[in-house]
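One structure is given below, encoded as structure tokens.
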Amino acid sequence: MKTYNKTNFQFLLLNALTLGSLLSITELAYKFFFQHSHLENIALTLAQIISFNFAFAAGITMLLALPFVLMSMVSSRASKIFLVLTGIIILLSTIGLNQYAAQTNLPLGSDLYGYSFDDILFITGSSAEFSLSAILMFLLIPAIYVTVAFLKISQNKVISIISAVILITAISSLPLLLTDLTDASKTAYFLNDTRQYLKDNQKGDDQEFLANGDEFPLMHPFNAAANGLTEHLNLTENKPNIVLLVVEGLGSDFMGKGAQYQGFTPFLDSLSDHSLYFSRFLSNTGRSFGALPSILGSAPFGKNGFLDLETLPDHMSLISVLKQNGYVTSYYEGGNSSFDNKNRYLVNEGIDNLTDENSFDQTYVKTKSTKDGFSWGYPDSEIYRKTLASLPENGQPRLDIVLSISNHEPFQFPGKEEYLNQVNQLIKSRPELAGKRKNIEENPEVFASLLYTDASIRSFIEGLKKRSDFENTIVLITGDHRLIPVSMKNQICRYHVPLLVYSPLVKEPKEIRTIASHMDIAPAITGMLANGYPMKTPENVPWLGLGLSPNNEREIPLMKYKGSFTDFIKGDTFIAQGKSYKIGKNLSLSGGVEKAETSQTHEAFELAKKSGRYTTTNNKIIPENLKMNISNLIKISKEDQKRIDELTKNLSQGEIYYMARDSAHNKNYEIALLLLDHLNNLNFNHYDGRTLRGRIYGWSDRTEQAEQELKYVINRSPLYSDAYSALLDLYWWNSLGNKAKEVATLARERFANNRDFLNTVASKMARFDPADFEEKVLPVSDQLSYNQTTP
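Numbering that gives the first Met the number 0 puts the first residue of the sequence shown at 0, with every later residue one more than the last.
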């Protein structure tokens, strides 16, 4: 029995040594060969990686020792297989975490819990393609591990002693070496971030706020005078149009006089000389998921970001406030607005017009797909062209929100080769870029995309200037976050974005050095309008932002990615993952923060976390009587929602659609429509679902509703062929030949290059009798057109 236990112990030691070695090799390979990291202290990084991974392997082995020994009493082979399979899972997970970091230039942390598996694949698919070397890592590392594990060397006493010494040394040196878990190990970062995520999302804040009589802790008096815009503008008698350009990846490292990489946004640089330029401005999140609720709603994050909340709590947004004051509100993007649940948020706020990739017809050109068939949608130049073509000139004030996408992996955009040539010319002609040449040459597509995006914005602004209402238009331009692929000089860089306020109404151009954020935009615009015009604005608001006036006590919450609420600013103190920094003149960071300041900032940070959790999970952002939005989401009773939840538990949107389709084919229209109501609220632009709804209305003799729904789909998604087919079927069932002619003509125009679909249209038209082309009308739906913008 003694020999038997000794053999088991030796196997455990060898397993820990092998696992630690291969984990270290994996981390080092990705750091130096896949990511080409530039490190100030290579020796320290090597020591950190090796120390952590050997200690991690030893810890895992100790945790598995008891079940291993118990299993070995029954079967020695089974116990070894158990240990090795566990090791393979750990190795594959580590390779996966490193592959994700290599493709996205970000370690995977608690954002795993904020994205679905499909979203993770979507993000990584947009970032890069799998290389042969990456595939080899997934195959080779586990193969080496299995081979070593079943060699007989585990019974060698010398090997056992060496293993024990290495593991003990690694464990004992770990506390001295680990200062940044991101550098030490992507596995360590993931585990630490998960631990923090679980800690931050513990329940128990409800009673704390209620006990203090603070049912709505975010509510505070609205100080319209502190908007920070009024004093810089010559407002006219009529309310101005507000145009918000949210530019993908536009960080301050690439724009303005203090930019690290100057020359890649020449138009925006020149525009800043004719604008109010907020040079110390911040996004509130490190990815796009937080841009809209921060800019439009000044809203708390919740668990994984406001857009990810299962039920959107009542709150106030720029959309709902401006709609109440006579503004028509519109949103434009070239991608899929359902990504990150943007369209659900916008529809819930009552947006009047929503344009995304489904709304573009054959006159617009989509972004070229990658080899894997990936495309974000329509490029920036087409987004801005579509926006200009859609803006009405009816005298009603407008809020126009435009989200760009081209400045993002995989960096596909029109004229790419020409812009790449411009990058090379800039490197040669600008001496100030000499020290940054290596970074630029490693990321030429990034800098080419900046030039393209800048040129697209130039065309858009020139188009706005040609409009008769431009003289009373205010354009705000900001980045959603700083683009990721190019390395950053410090931790606040990720959030540092410009804010330009450009308008003929600006009294004089000025650089404003107030530290502010996206969350200050909605209070600033609302306050500016409330100061200048008769406006219905609430006395108390829940907004986290204060407006754009200077304020030394401003608090700015910062969520790096979904679920990672680890950064925070109070005044000029910045907390990043537990460390405190003093913010300098150009958002530089330094240590030496006073203990009292650090303590006050940490207290404010903890309160922000607690109030965010409490208000978003309990619908306590605003009292019900202050609710302003007129939501376009379908109201579902509690009983029906309970029924839906039972039917759709753990189902994807696609699976819910198929369930609705099967129910409809079985003539269970009640269940089908209930499921489609739910699907509509999850994804307002689910056109398969909307077309199925139109067909169900037609099958159940609700002809007017069927026509309305199908015309809506055709208007919102001009190239979605199934809606045309469904509408032609509806008109055939009702012998409405002239209406069918109109649809067929429209289809032939929009699908001129789709021979198969044109044949389908021809066959559907051939079914009509001559008598079907006599004049017939539908009393309600005949008033509808293909330009209808609301359902």
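Glycine is no exception: its CB is placed at the ideal position from the N, C-alpha and C atoms. A quick note: this is a predicted structure, and the numbers were derived from the prediction, not measured.
- Annotation for R429: no alpha helix (DSSP H) segment contains it, and DSSP assigns it neither H nor E.
- Contact between A187 and F55 holds: CB atoms are separated by about 7 Å, below the 8 Å threshold.
- Below 8 Å, too few C-beta pairs join the segment 302-321 and the segment 589-607 to call them touching: fewer than three.
- Following the DSSP letters along the chain, one finds G611 inside the alpha helix (DSSP H) bounded by residues K594 to T616.
- Counting along the chain, the unbroken beta strand (DSSP E) around I568 starts and ends at D566 to K569.
- One alpha carbon belongs to S662, the other to R642, and they sit about 15 Å apart.
- By a beta-carbon distance limit of 8 Å, Y418 contacts L450. Their separation comes to about 5 Å.
- Listed as beta-bridge partners of M558 by DSSP are T284.
- Under the DSSP assignment, K435 falls outside any beta strand (DSSP E); it carries neither an H nor an E label.
- In the structure shown, K581 adopts extended strand secondary structure according to DSSP, grouped into three states.
- When the alpha-carbon of F772 is set against those of L745, I143, W731 and N752, the nearest one is in W731.
- Shown here for A659: same chain residues with a beta carbon closer than 6 Å to its own, the five before and five after excluded, namely A671, L674 and L675 in chain order.
- The beta-carbon separation of I514 and R553, rounded to 7 Å, stays under the 8 Å limit for a contact.
- In this structure the segment 4-17 touches the segment 70-88; the number of beta carbon pairs closer than 8 Å is three or more.
- Of the candidates Y560, P409 and A521, the residue whose Cα lies closest to the Cα of L306 is Y560.
- Excluding residues up to 5 positions away in sequence, N471 lie with their Cβ nearer than 6 Å to the Cβ of T235 in the same chain.
- CA-to-CA, the gap between M534 and N342 works out to about 27 Å.
- DSSP places F277 within a strand segment (E or B) once states are collapsed to three.
- The Cβ atoms of V712 and L727 lie no closer than 8 Å to each other.
- Taken in chain order, the complete beta strand (DSSP E) segments of 3 residues or longer contained in the segment 448-493 are 472-478.
- For L681 and A722, the gap between their C-alpha atoms comes out near 20 Å.
- L345 sits close to Y330, with the two beta carbons spaced by under 8 Å.
- A Cβ-Cβ separation of about 17 Å leaves N335 out of contact with D360 under the 8 Å criterion.
- Check the Cα spacing between G257 and each of K427, V242 and F280: the tightest is with F280.
- If only uninterrupted alpha helix (DSSP H) runs of at least 4 residues are considered, those enclosed by the segment 670-709 are 686-698.
- When the five nearest sequence neighbours on each side are left out, the beta carbons in the same chain lying within less than 7 Å of the beta carbon of V68 are those of N7, in order along the chain.
- If you look at K509, you'll find it in the beta strand (DSSP E) that goes K509 to I511.
- Taking the Cα of N667 as reference, the smallest distance to any Cα among Y383, R692 and E654 is reached at R692.
- Counting along the chain, L306 sits inside no alpha helix (DSSP H), nor does DSSP assign it H or E at all.
- If you ignore the 5 residues before and after Y144, its C-beta comes within less than 8 Å of the C-beta of T17, L18, L21, V83, G86, I87 and L90, all in its own chain and listed in chain order.
- Rounded to the nearest whole angstrom, the C-alpha separation of S380 and G250 is 19 Å.
- CA-to-CA, the gap between L232 and Q195 works out to about 45 Å.
- The continuous beta strand (DSSP E) containing D399 extends over residues R397 to L402.
- M61 counts as exposed, since fewer than 16 other C-beta atoms from the protein chains shown sit within 10 angstroms of its C-beta.
- Taking the CA atoms as reference points, L135 sits about 16 Å from S23.
- With a contact defined as Cβ atoms closer than 8 Å, F767 and S720 miss out at about 19 Å.
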